[in-house]
Each structure stands twice: as C-alpha cells, then as structure tokens.
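Peer 1:
Residue numbers (the working numbering): 15 to 534.
(1) Rounded C-beta distance between residue 222 and residue 86? I'm assuming under 8 Å.
(2) Using alpha carbons as the reference points, say which of 267, 300, 271 lies closest to residue 282.
(3) Counting only the same chain and skipping the five closest in sequence on each side, list residues whose C-beta sits under 6 Å from that of residue 231.
(4) Could you give the first and the last residue of the continuous beta strand (DSSP E) run that contains residue 258?
(5) Give every residue of the same chain whose Cβ lies closer than 8 Å to the Cβ of residue 275, excluding the five residues on either side of it in the sequence, and list them in chain order.
(6) What are the boundary residues of the beta strand (DSSP E) that residue 240 is part of?
(7) Pick out whichever of 504, 175, 194, 62 has its Cα sitting closest to the Cα of residue 432.
(8) Using only the alpha-carbon positions, how far apart do residue 467 and residue 235 sit?
(9) For a quick check, are the C-beta atoms of residue 233 and residue 256 less than 7 Å apart?
(10) Check whether the Cβ atoms of residue 208 and residue 155 lie closer than 7 Å to each other.
(11) Using the C-alpha atoms, what's the distance from residue 228 back to residue 377?
(12) Using 8 Å for Cβ pairs, my map puts residue 476 next to residue 464. What's the rounded Cβ distance?
(13) Is residue 403 helix, strand or coil by DSSP?
(14) Under a Cβ-count criterion, where at least 16 other Cβ atoms within 10 Å of its own Cβ denotes burial, should residue 521 be classed as buried or exposed?
(15) Compare the Cα-Cα distances from residue 214 to each of 504, 52, 415, 502 and report the closest residue.
(16) Tell me, please, which residues DSSP counts as bridged to residue 250.
(17) Cα-Cα, which of 183, 76, 332 is closest to residue 350?
(18) Starting from residue 83 and walking both ways along the beta strand (DSSP E), at which residues does that stretch end?
(19) Taking a contact to mean a Cβ-Cβ separation below 7 Å, would you say residue 335 touches residue 363 in this structure?
(20) Residue 516 bridges to which residues according to DSSP?
(21) Report yes if the C-beta distance between residue 75 and residue 101 is below 7 Å; otherwise report no.
(22) With a 10 Å radius around its C-beta and 16 neighbouring C-beta atoms as the bar for buried, classify residue 481 as buried or exposed.
(23) For residue 224 and residue 291, I'd like the C-alpha separation in whole angstroms.
(24) Could you tell me which residues DSSP puts in a beta bridge with residue 298?
(25) Could you give the uninterrupted runs of the alpha helix (DSSP H) lying entirely in the segment 147–209, keeping only those of 4 residues or more?
(26) Nearest by alpha-carbon distance to residue 412: which of 271, 382, 437 is it?
(27) State buried or exposed for residue 279, treating a residue as buried only when at least 16 other CB atoms are found within 10 Å of its CB.
(28) Do residue 497 and residue 451 have their beta-carbon atoms positioned less than 7 Å apart in this structure?
(29) Taking contact to mean at least 3 C-beta pairs separated by less than 8 Å, is the segment 419–439 in contact with the segment 384–395?
(30) Closest by CA to residue 170, which one among 58, 419, 400?
(31) Answer with buried or exposed for residue 494, where buried requires no fewer than 16 other C-beta atoms within 10 angstroms of its C-beta.
(32) Using only CA atoms, which one of 212, 267, 162, 163 lies nearest to residue 114?
(33) Would you tell me roughly how many angstroms separate the C-alpha atoms of residue 513 and residue 192, rounded to the nearest one?
(34) For a test of the three-state rule: what should DSSP assign to residue 317, helix, strand or coil?
(35) Who are the Cβ neighbours of residue 39 in its own chain at under 7 Å, not counting the five residues just before and after it?
(36) Whose C-alpha, out of 403, 268, 200, is nearest the C-alpha of residue 157?
Written out as structure tokens, the structure is:
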C-alpha cells in the first residue's frame, strides 16, 4: 500500500468531479465484445499545465476513454469511463501485442507514468503497444472523494487504551464521511470490478489476449484477472507479489519484523556517517536514536513546521520512507530522522524537504480522493473483523516486541465501519505461468508472500533479489541489470527461465562515508 502523504505517492489529481455528475450518465450497452466500439483516440494533454500528457503526446501516445458499467451486474444501468493511454508499437512487423500496466496502490494512477515503464523495456518497447489503464475512480478518471480532512487513514494506535480509542473514533469518522459523501460509489470500487473493466478495455483494443505488468497491489489485480478471465493473458510479470488472502485490511499485519530489518539496514548505512547526521556511530546507536524520538513523541508531542507529531504519527513517518535501499533514499531518511531528532530534543524543527512533502498529506485533505479510493478498494475486497477489540488485542500482542511498528501495522482501519462488501473475495486457485519478482527484504510485501504465490502457481518462475530491501524492483529507478534483463527477455520471447533465478541487490556507486544530502 502506498501512503497518500506526498508527491512521491504518484498522485496527480485533476479538478474534482462531483459524485452526482459521475452518476448522471447515460445507460451503458450490454458488456459484449460486439457492442463495444473502438476507442476514440485523442491527445493526452488535457491543458497547457498537463506536462505528463504533453510528454505522452511527444512520445506518440494517444489517450481515450472506455465506457464501462458502474455495476457490472447491470450492464444497461449507469456507466462511467475508464481513462486509457496507448503508445503504439513502432516495429509493427515484429509486434508482440498489448502490454497493460498497473502501478499498484490500490488506485495509483498509471497513465502519467507510462513513459517510465517504456524506458525500462528499452528496445523491446518498439514491439509492444504499451497500455496504461487508470483504475476506476483513480488517476484521470472522475474521483471517489469522501472529503476527508486527511489524505490517508494510516495511523498508529498510540501508547495506551485511550490512544487506541481515539484512533477507533478517527477511523469510524472517516468511514462515516465516505457513507455521507460517496455512498453511491462505494459498492463499486473493488478489485473484481477493476478486473472486469480491464477485460472490457482488452475487448475495446481488439486484443484476444493481453500481456500484463503488475506492480505491488497490481500483482493482486493481475491474479484476480486471471482467475476471473482465464485464458485471456499472454505474458505475466508480477513485481512485489501479494498473496491474495493477505490483502486489506490485513496487508500490513505481521510485517513488523521485515520493516525492522529494513530500518536496521538503513541504520547500518547511517552509522558511518555520524559526523554528517549525528544519529549515532553504530547501527544500534542509530536505532536507539529513533527509539528516543518515538518515546519523545509519545511523552510530549513536538512540532515540525506547523504540524504536531505525536505517537500516532511518528511511526507512520518512519514506515512511509522505507521501501528502498539505494543510498539516495538512505540519505533522505537520514535527513528526516535528523530533523525529527532536533524537534524531539528542542520541541520544534523546520521541516526538511521530505517532511515538507509528506506532512501536508497527513494533516490535510490534499489527496483525499486518492486516500478515499484506495480505502474503498481495500475495504470492499476484504473487510476484516468488525469488532474493534480484535485490533486492540493485536496491537497489544505486538507492542512489547515491536514498539515502533507494532502499534501502526496492527491498528484499526475504516474497514470495520464500512458497508458490507457486495462480493466475496476472488478465489485465486488457478495456475498461471507468470514471472514473479521479489526482494528478500521487501518491507511492503514480505518475500514469504512471493514464495506462497509461487507455490500456488507451480508453473511460475520467481526472481529473488537477494539482500535487497526494495519494494518493486523492475525498472530503471532501481537499476538491477539482472532483473531488468530477465524480465525483458521473457517479455521478448515468452519463454520463462528454466529455473528460478537469484539476482544481487543493486547498489549506488557512492563513498562509504559522507553525506549525500545536507541536514538543513
């Protein structure tokens, strides 16, 4: 799950569209291939400020909207449109087909980041129609917005029963706002409906089968799609692999240890740079600094800029910056922790650039539509227990061994107060010859989930990235030649590796000591 706390959550929201406008639509025709017209392609740039759209246009992309039923059980009822973008294959003589991308989230926009995926393909991009589909209510689509005063429900339970009760009231209020402001849409934001939309996009594109690249939650969407529409996929790449039954609101439960491992990995990076950041000269000393910040936030909340950091928010900030192990990210974390250390010791600090980006999303509804839509998907897929006491007991069981991450990764969510899902979770009991990728230290989707999914799909192959703490590895951002080469080879010829593969972690070419980012 990505937190809607800043620009690096990949949220680029257009002007809000009212729910009533979304539903004031003509009836959709029955969802059959014969009744589905070809997309009406147009420029991707929506206006002069749409730089992502302009870059897509310059790359030869075209955009369109595909009409889909709001409720797939009523194909003649109200409809909505799903935004798509396509960068056509240029080597038409050797065209393989359409490669559809989902960036995860749930509800992460896809279209605005399609060029990054094309860059990862290298020369192979010429042989694919690369297709981005913004999931319903996300990206360039009309949004589902509960009008929250925050951009994410994610909070820690605090230090005691009173703290947990505050968070229970907070989550109940978020759910109530969704019932009040988006009740007409909530039943239809789900992975099963996103999979149905995806199949209608496939039909509109005129493709008998599609290849698929799913990142993080996008792996789950791909798994559900293959279960609901068997035989309609060609080449499948799943990066950061979810096991289906682990999806929300249990997605983070039980991940305390992998997050602590990722934090310790960072601490080993920060320790030899104590002169630059002042966090401690050993990994244990750095972690002790983090723990002092935690206890200070619980004992006497401090401010960063105009924002009050307490026991509910401090663990969210630490959790939110994990998921990468390159030195540039390690340096950003070190600057953030140094800022928090100053605030904990003096009562106040001005935010570094990372915190300046993250904090508004936690304290305002800057990205309310993103957080609302993400939560709607998660709660519709698997609601979890309705009794708040279940979550309180989970927090208390975890707290002693995991004082930083236990209270945040086991805390209650809006899902216990959500409307009951219209459908049961999808049974993913098929076998698909997919190529899976996962880092052994992934703090978002533990490696054990990839192993379990690999067992569930015995025809699959797994690329294990050893000693890496990166979430989602394929692409130029991480720069693993081993992973990128294996994935692109499979996408090129459709042949899975003969056996599972193991790749080393990527590493920046940086000095062993000295800062990459200066503390403000």
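Using N, Cα and C, we set each Cβ at its ideal position, and we do this for glycine too.
Peer 2: Walking through what the data contain:
(1) Residue 222 sits at position 208 when you count from the first residue of the chain shown. Residue 86 sits at position 72 when you count from the first residue of the chain shown. Contact flag wrong, Cβ pair sits at about 21 Å.
(2) Counted from its first residue, the chain shown places residue 282 at position 268. Among 267, 300, 271, the Cα nearest to that of residue 282 is on 300.
(3) By one-based count along the chain shown, residue 231 stands at place 217. Only 118, 119, 120 meet the Cβ criterion.
(4) Here residue 258 refers to the residue found at position 244 of the chain shown. Per DSSP, residue 258 belongs to no beta strand (DSSP E) and is neither H nor E.
(5) Here the question's residue 275 lines up with position 261 in the chain shown. Here the set comprises 455, 457, 483.
(6) Position 226 of the chain shown, counted from the start, is the residue given in the question as residue 240. Taken as a continuous stretch (DSSP letters only), residue 240 belongs to no beta strand (DSSP E), being part of the alpha helix (DSSP H) at 231–242.
(7) Sequence index remark: in the chain shown, residue 432 carries index 418 (1-based). Residue 432 has its Cα closest to that of 194, out of 504, 175, 194, 62.
(8) Locating residue 467 in the chain shown gives position 453, where the first residue counts as 1. Locating residue 235 in the chain shown gives position 221, where the first residue counts as 1. Computed Cα separation, rounded: 14 Å.
(9) If you number the chain shown from 1, residue 233 lands on position 219. If you number the chain shown from 1, residue 256 lands on position 242. Yes, these two residues count as a Cβ contact at 7 Å.
(10) Residue numbering aside, residue 208 sits at position 194 when the chain shown is read from its first letter. Residue numbering aside, residue 155 sits at position 141 when the chain shown is read from its first letter. No, the pair does not count as a contact, with Cβ atoms beyond the cut-off.
(11) The residue labelled residue 377 in the question sits at position 363 within the chain shown. The residue labelled residue 228 in the question sits at position 214 within the chain shown. Looking at the two C-alpha atoms, the distance is approximately 31 Å.
(12) The sequence position of residue 476 within the chain shown is 462, counting from 1. The sequence position of residue 464 within the chain shown is 450, counting from 1. At roughly 6 Å, the Cβ-Cβ gap stays under 8 Å, so residue 476 and residue 464 are in contact.
(13) Here the question's residue 403 lines up with position 389 in the chain shown. Note: residue 403 maps to helix in three-state DSSP.
(14) One-based indexing of the chain shown puts residue 521 at position 507. Answer is exposed; the Cβ neighbour count stays below 16.
(15) Taking the first residue of the chain shown as 1, we reach residue 214 at position 200. Nearest option by C-alpha distance: 52.
(16) Within the chain shown, the letter at position 236 stands for residue 250. Its beta-bridge partners are 226.
(17) Locating residue 350 in the chain shown gives position 336, where the first residue counts as 1. That would be 332, whose Cα lies nearest to the Cα of residue 350.
(18) Here residue 83 refers to the residue found at position 69 of the chain shown. Residue 83 -> beta strand (DSSP E) spans 76–83.
(19) The residue labelled residue 335 in the question sits at position 321 within the chain shown. The residue labelled residue 363 in the question sits at position 349 within the chain shown. No, the Cβ-Cβ distance between residue 335 and residue 363 is not below 7 Å.
(20) The residue you call residue 516 lines up with position 502 of the chain shown. Paired residues: 478.
(21) Walking along the chain shown from the start, residue 75 turns up at place 61. Walking along the chain shown from the start, residue 101 turns up at place 87. Taking 7 Å as the Cβ cut-off, residue 75 and residue 101 qualify as a contacting pair.
(22) On the chain shown, position 467 is the one that residue 481 refers to. Residue 481 should be labelled exposed.
(23) In the chain shown, the residue the question calls residue 224 occupies position 210. In the chain shown, the residue the question calls residue 291 occupies position 277. Each residue's alpha carbon lies about 49 Å from the other.
(24) For the purposes of this step, residue 298 is taken as residue 284 along the chain shown, with counting starting at 1. In the DSSP output, where bridge partners are listed per residue, residue 298 has none listed.
(25) 175–196
(26) Taking the first residue of the chain shown as 1, we reach residue 412 at position 398. When each option's Cα is compared against that of residue 412, the closest is 271.
(27) As a position in the chain shown, residue 279 is number 265, starting the count at 1. Burial call: buried.
(28) The count along the chain shown starts at 1 and reaches residue 451 at position 437. The count along the chain shown starts at 1 and reaches residue 497 at position 483. For residue 451 and residue 497, yes; Cβs fall inside 7 Å.
(29) yes
(30) Position 156 of the chain shown, counting from 1, holds the residue named residue 170. Minimum Cα distance to residue 170 is reached at 419.
(31) Locating residue 494 in the chain shown gives position 480, counting from the first residue. Residue 494 is buried by the Cβ-count criterion.
(32) On the chain shown, residue 114 is found 100 positions in, with the first residue counted as 1. Looking at the Cα atoms, 212 is the closest of the given residues.
(33) Counting from 1 along the chain shown, the entry for residue 513 is found at position 499. Counting from 1 along the chain shown, the entry for residue 192 is found at position 178. The straight-line gap from Cα to Cα measures roughly 47 Å.
(34) For the purposes of this step, residue 317 is taken as the residue at position 303 of the chain shown. Of the three classes helix, strand and coil, the one that applies to residue 317 here is strand, per DSSP.
(35) Mapped onto the chain shown, residue 39 falls at position 25. Residue placement at residue 39 is poorly supported in this model, since its pLDDT is 32, which falls under 50; the coordinates still yield a value, given next. Cβ neighbours of residue 39 beyond the five flanking positions: 92, 93, 94.
(36) On the chain shown, residue 157 is found 143 positions in, with the first residue counted as 1. It is 200.
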